[in-house]
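Going by my numbering, the sequence shown opens with residue 1111, and the numbers climb by one from there.
Single-structure report; data block below.
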Amino acid sequence: MAAVVLVGAQWGDEGKGKITDFLAQKADCVVRYQGGSNAGHTVEVKDEKFMLHLIPSGILYPATLCIVGNGVVVDLEKIIEELAGLQQRGIDTSNLRISRIAPVVLPYHKKLDTLEDRDSHIGTTKRGIGPTYADKINRIGFRIADFLEDREILESRFKAQVEYKNRIIREIYQEEGFDWKQLLEETLEQVGQLKPYLADTSYLIYQHIQEDKKVLFEGAQGTMLDIDHGTYPFVTSSHPIAGGACVGAGIGPTCIDRVLGVAKAYTTRVGEGPFPTELHDADGQILRQRGMEFGTTTGRPRRCGWLDAVVLRYAVRVNGLTDLAITKLDVLDDFATIKICTAYRYKGQLIYEFPDTTSILNQCEPEYIELPGWQQDISHATTYNDLPANVRNYLAKVEELTGVKQSLIAVGPGREQTIVNDQLYK
Ligand code: GDP
Ligand code: IMO
Ligand code: MG
């Protein structure tokens, strides 16, 4: 088993960075396949904390090849900044490769994201993600390689695009536009700086898979933020689900051996949109405080609620999960009792499948079961058997409700605070 896709099974921030870093100890290659600098992946090693946005969470291992795939929208300024930040901390970044055909996030995308969100109220990260993907689909975007090819063609396309975006910015929003010449020079300069990292990444990944090397695809965001399968329109503009790994890395589905869903032992969401198990009471406050649920990218407080097994079963379905990593189990340490949502009540009936429209979802009430808490510190547990009986009982219930084995369990943010039930890379 050599190629594993890691996906967020909820609304993002499940601890994908931590689990990726843990698995990267054994992986030869870690690949980001979608999203952009909207992602904020935290890795904690001893007393050091790293926040990664565009660079894969395997970067702390100098021998691991880290790839930013073609499906990632790349903010050149941000990735240069992130590289410099890592280098200043003594991290070797020479093993990074960035897809030459990745779409570029330009300053006008970020400006439009901010302006458009004032009306659409999605609560985006304002990182230009939606507008950049929209341009890609509309076939008017720029890929990194465009800035390395014919200057004349580039200039005329770039000028036309900036002028078009300026009309929207000025005429619809009465805001200031961009000087295309200056923007082009800045972008060319940034692409120049990144040149040593650029590669045909699909080919690199394929070579690794052919040689039976261990490849980890690091999803960003989460299943419920998927543009097609999430809680539309309150979603991101890419495919965080496992299928997105094939498109965003340039490999076929037959290359993938296992799909690992990362899920918190409760649920959080940042930004607007439906969230059936959201808590507005003291329990929600406890989850936010204990879990330190504040956004890694934007600092916004995350909305918190109980674990939703309907969401997890849906994640099992749309990702084809073979394994689960349960994270932040320690955050539940203080509760006398813990709830799990097992179904939704919709028009008086119990439903067990996640509804396919937001209008139905908005009319759903969660149905809970209540389990006894453990009220003790589990953050030092290193094996499954170290966990108190009530923790194992809780995990067994989650396994019964999802039908997927829990290969990894996280009891703290540190690399070593990870219990292994089943090795993903043998
Ligand atoms: P990601 O976007 O999925 O990588 O998750 P984030 O990094 O945005 O948010 C997860 C937060 O929880 C980070 O601050 C992690 O350091 C932290 N974290 C991850 N796993 C655990 C865990 O098992 N216990 C606790 N207490 N914190 C964790
Ligand atoms: P990681 O990878 C949590 C949310 C935003 C907003 C919606 C759309 O750290 O788990 P966007 O800027 O993508 O157009 O915003 O998606 N969102 C995230 N929520 N974790 C993330 O990434 C997110 N990336 C985007 O809050 O609701
Ligand atoms: Mg995050």
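Cβ coordinates follow ideal geometry from the N, Cα and C atoms, glycine included.
Problem set entry | First through last residue of the beta strand (DSSP E) which encompasses Cys1356 | Element bounds for Cys1356: not the beta strand (DSSP E) but the alpha helix (DSSP H), 1353 to 1359.
Exercise. If you draw a straight line from the alpha carbon of Leu1164 to that of Glu1187, how long is it in whole angstroms?
Worked result: Inter-residue distance for Leu1164 and Glu1187 is about 11 angstroms (C-alpha atoms, whole angstroms).
For this session: Locate the alpha helix (DSSP H) running through Glu1295, then write down its first and last residues.
Result: Per DSSP, Glu1295 belongs to the alpha helix (DSSP H) from 1290 to 1304.
Problem set entry | Range of the contiguous alpha helix (DSSP H) that encloses Gly1195 | First-last of the alpha helix (DSSP H) with Gly1195: 1186 to 1198.
Exercise. CB-CB under 7 angstroms to Val1301, same chain, minus the five flanking residues each way: which ones, in chain order?
Worked result: Its chain contains Leu1186, Ile1254, Phe1257, Leu1258 as the residues whose beta carbon lies nearer than 7 angstroms to that of Val1301, once the 5 sequence neighbours on both sides are disregarded; these appear in chain order.
Exercise. Just how far apart, CA to CA, sit Arg1237 and Pro1498?
Worked result: Their Cα atoms are separated by approximately 43 angstroms.
Problem set entry | Burial state of Thr1333 (16 or more Cβ within 10 Å) | Residue burial is scored here from C-beta neighbours: Thr1333 has at least 16 other C-beta atoms within 10 angstroms and is therefore classed as buried.
Exercise. Do Phe1464 and Val1420 have their CB atoms nearer than 7 angstroms?
Worked result: The Cβ atoms of Phe1464 and Val1420 lie closer than 7 angstroms to each other.
For this session: Could you please go through the chain and list the residues whose beta-carbon is closer than 5 angstroms to any non-hydrogen atom of the ligand MG?
Result: Around the ligand MG, the residues whose beta-carbon falls short of 5 angstroms from at least one of its heavy atoms are Asp1123, Gly1150, Thr1406, given in chain order.
Exercise. Measuring from the CB of Asn1148, is there a heavy atom of the ligand IMO at a distance below 6 angstroms?
Worked result: At least one heavy atom of the ligand IMO is nearer than 6 angstroms to the Cβ of Asn1148, so yes.
Exercise. Any idea if Asp1223 is buried or exposed, counting beta-carbon neighbours within 10 angstroms, 16 or more meaning buried?
Worked result: Flag for Asp1223 reads buried.
Exercise. How about Gly1127: is its Cβ closer than 6 angstroms to a heavy atom in the ligand GDP?
Worked result: For the ligand GDP, at least one heavy atom lies less than 6 angstroms from the Cβ of Gly1127.
For this session: Give the DSSP-derived three-state secondary structure of His1219 in the structure shown.
Result: The answer is helix: DSSP assigns His1219 an H, G or I state.
For this session: Report yes or no: is there a C-beta of chain C within less than 7 angstroms of the C-beta of Phe1344?
Result: Looking for chain C here will not work: only one protein chain is present.
Problem set entry | Where His1318 sits in the DSSP three-state scheme | Helix.
Exercise. Secondary structure at Pro1411, three-state DSSP: helix, strand or coil?
Worked result: Of the three classes helix, strand and coil, the one that applies to Pro1411 here is strand, per DSSP.
Problem set entry | Straight-line Cα distance separating Gln1320 from Ala1453 | One C-alpha to the other measures close to 43 angstroms.
Exercise. To the nearest angstrom, how far is it from the Cα of Thr1341 to the Cα of Asn1500?
Worked result: For Thr1341 and Asn1500, the distance between alpha carbons rounds to 33 angstroms.
Exercise. Which word fits Ala1119, buried or exposed, when buried means at least 16 other C-beta atoms lie within 10 angstroms of its C-beta?
Worked result: With 16 or more Cβ atoms within 10 Å of its Cβ, Ala1119 is classed as buried.
For this session: Could you tell me whether any non-hydrogen atom of the ligand IMO is closer than 6 angstroms to the CB of Gln1303?
Result: Within the chosen limit of 6 angstroms, the ligand IMO does not reach the beta carbon of Gln1303 with any heavy atom.
For this session: Examine the ligand GDP and report whether any of its heavy atoms sits within less than 6 angstroms of the Cβ of Glu1158.
Result: Not one heavy atom of the ligand GDP sits closer than 6 angstroms to the Cβ of Glu1158.
Exercise. Is the distance from the Cβ of Gly1127 to the Cβ of Val1153 below 7 angstroms?
Worked result: Here Gly1127 is near Val1153, since their CB atoms are less than 7 angstroms apart.
Exercise. CB of Val1539 to nearest heavy atom of the ligand IMO: below 6 angstroms?
Worked result: Outside the displayed range of the chain (1111 to 1536) lies residue 1539, so it cannot be described from this structure.
Exercise. By a C-beta neighbour count over all protein chains shown, 10 Å radius and 16 as the cutoff for buried, is Arg1413 buried or exposed?
Worked result: Buried, because 16 or more other Cβ atoms sit within 10 Å of the Cβ of Arg1413.
Exercise. Any chance the CB of Glu1154 is under 6 angstroms from a heavy atom of the ligand FAD?
Worked result: As far as ligands go, the structure on display features the ligand GDP, the ligand IMO and the ligand MG and does not contain the ligand FAD.
Exercise. Should Gly1340 be counted as a contact of the ligand GDP given a C-beta to heavy atom distance under 6 angstroms?
Worked result: No, since every heavy atom of the ligand GDP falls outside the 6 angstroms radius drawn around the Cβ of Gly1340.
Problem set entry | 4-residue-minimum alpha helix (DSSP H) runs that sit fully inside the segment 1320 to 1402, ordered along the chain | As far as the segment 1320 to 1402 is concerned, its whole alpha helix (DSSP H) runs of at least 4 residues are 1353 to 1359, 1392 to 1400.
Problem set entry | Cβ pair Arg1368, Asp1418 closer than 7 angstroms | No, the Cβ-Cβ distance between Arg1368 and Asp1418 is not below 7 angstroms.
For this session: Compare the C-alpha of Asn1180 against each of Thr1311, Asn1248, Val1140, Leu1162 and name the closest.
Result: It is Thr1311 whose Cα lies nearest to the Cα of Asn1180.
For this session: Could you say which of Phe1132, Ala1113, His1231 lies nearest to Ala1435 if we only look at CA atoms?
Result: Minimum Cα distance to Ala1435 is reached at Phe1132.
Problem set entry | the ligand GDP heavy atom lying under 6 angstroms from the CB of Ala1520 | For the ligand GDP, a non-hydrogen atom lies closer than 6 angstroms to the CB of Ala1520.
Problem set entry | Nearest candidate by alpha-carbon position, reference Ile1529, set Lys1507, Leu1511, Ile1488 | Comparing Cα positions, the closest option is Ile1488.
Exercise. From Gly1415 to Gly1394, what distance separates their C-alpha atoms?
Worked result: Straight through space, the alpha carbons of Gly1394 and Gly1415 are spaced by roughly 6 angstroms.
For this session: Note down, in chain order, each residue of its chain lying with its Cβ closer than 7 angstroms to the Cβ of Pro1217, except the 5 sequence neighbours on either side.
Result: Phe1288, Leu1293, listed in sequence order.
Problem set entry | Minimum C-alpha distance to Ala1112 - residue among Glu1158, Val1325, Glu1475 | Of the listed residues, the one whose Cα sits closest to Ala1112 is Val1325.
Problem set entry | Reduced DSSP secondary structure (H/G/I, E/B, other) of Gln1271 | Three-state DSSP puts Gln1271 in a helix.
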